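A.B. asks: Residue numbers for the sequence shown follow our numbering, beginning at 3 and rising by one. Please see the structure below; I have some questions.
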Amino acid sequence: MTTYLAGKTVLVTAAGQGIGRASALAFAAAGARVYATDINEQALAALEGTANITPGKLDVLDTAGVEAYIKSIDAVDVLFNCAGVVHSGSVLEMSDNDLDFAFDLNLRAMVRTIRAILPGMLERGDGAIINMSSIASSSKGVPNRCAYGVTKAAVIGLTKSIAADYVARGIRCNAICPGTVESPSLEGRMRAQGNYNEARAAFIARQPMGRLGTAEEIADLAVYLAGATYTTGQAYGIDGGWSI
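This is how it looks when you write it as structure tokens:
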């Protein structure tokens with residue numbers, strides 16, 4: 003496994019914590035050179051000095067900044083779009099600002115990085131793009147997650163569109179659709195509900211396996227998809243059986 007991605011260069015967004023950080027470490031362990039990016043430089047500090055990982059600040063909401071960063075690094079073989087945000091609320095409760103921001107970070111940020119990286123992949127005739135979607139998308143309706151579910155469904159649409167457009171030109175594009183995963187983001191949402199223990203129990207109760215997923219389990223799938231040369235246009239559920 004340590005040479006699975008030898009010679010490959012990987013860019014990971016939102017690598018400062020959670021799934022992004024676990025994936026950056028997993029890509030590096032698989033032999034890839036990894037550009038681990040995040041808007042939070044303090045969060046990236048923990049990756050400083052890690053073999054095969056180059057941390058770098060990147061704001062995926064800034065089109066010019068994304069383009070400049072991509073031009074400053076080596077050619078990218080694998081792009082893992084991991085940045086995202088979770089809003090709570092039904093269609094009657096979400097604000098226009100929440101929906102706009104969810105589209106900007108959950109979807110348009112991926113379009114920005116893909117537009118910056120895809121031409122180089124096409125020139126070389128090879129590349130893998132992995133987009134972070136969710137089971138809460140077109141895969142499954144989840145209460146109180148309207149803005150999130152709508153935008154994560156759009157990620158699956160984006161993924162399939164890119165896969166269809168470039169399948170004959172060496173480009174593979176797949177989406178990962180996690181269920182509920184242990185992460186700093188989830189911890190924050192559970193604490194925000196007021197009764198942390200009750201909120202945690204509720205999240206666990208909806209998982210048929212009786213536990214939450216781990217960031218490392220999602221990272222394993224990301225590493226697999228980076229090298230899965232006969233796989234494209236797929237939305238991979240990894241949710242502990244939640245969508246059965």
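Positions of the beta carbon are idealized from the N, C-alpha and C atoms, including for glycine. As the structure is a computational prediction, the values presented were derived from the model and not from experiment.
Quick check on DSSP: helix, strand or coil for Tyr238?
C.D. replies: Looking at Tyr238 - three-state DSSP - the assignment turns out to be strand.
A.B. asks: Which residues does DSSP pair with Pro210 in a beta bridge?
C.D. replies: Note: Pro210 sits in no beta bridge, so no partner.
A.B. asks: Provide the residue(s) that pair with Thr56 in DSSP beta bridges, ordered along the chain.
C.D. replies: For Thr56, which the question treats as bridged, DSSP gives the partners Tyr37.
A.B. asks: Mapping the DSSP letters down to three states, classify Gly20 as helix, strand or coil.
C.D. replies: Three-state result, Gly20: helix.
A.B. asks: So, using beta-carbon positions, are Ser185 and Ile21 closer together than 8 Å?
C.D. replies: Contact: yes.
A.B. asks: Quick check on Asp79: buried or exposed, where buried means 16 or more other Cβ atoms within 10 Å of its Cβ?
C.D. replies: By the 10 Å Cβ count, Asp79 comes out buried.
A.B. asks: Taking Cβ positions, are Phe82 and Thr153 nearer each other than 8 Å?
C.D. replies: It is not a contact, given that the beta carbons lie outside the stated cut-off.
A.B. asks: Excluding sequence positions up to five away, which residues of its chain have a Cβ less than 8 Å from the Cβ of Leu124?
C.D. replies: Answer for Leu124: Tyr168, Arg171, Gly172 and Ile173, listed in chain order.
A.B. asks: Would you say the beta carbon of Asp102 is closer than 7 Å to some non-hydrogen atom of the ligand HEM?
C.D. replies: The ligand content of the structure shown is nil, which means the ligand HEM is not present either.
A.B. asks: At what residue ranges does the stretch 54-139 contain a whole run of the alpha helix (DSSP H), taking only runs of 4 or more?
C.D. replies: Counting only runs of 4 or more, we get 65-74, 98-105 and 111-126.
A.B. asks: Helix, strand or coil for Ala224, going by three-state DSSP, please let me know.
C.D. replies: Reduced to three states, the DSSP call for Ala224 is helix.
A.B. asks: Going along the chain, which residues of its own chain have a beta-carbon closer than 7 Å to the beta-carbon of Ala237, five neighbours each way excluded?
C.D. replies: Within the same chain, Ala237 has close Cβ partners Ser135, Ser141, Ile158, Thr161, Ala177 and Cys179.
A.B. asks: Quick check on the burial criterion: 16 or more other C-beta atoms within 10 angstroms. Buried or exposed for Arg35?
C.D. replies: With 16 or more other Cβ atoms within 10 Å, it is buried.
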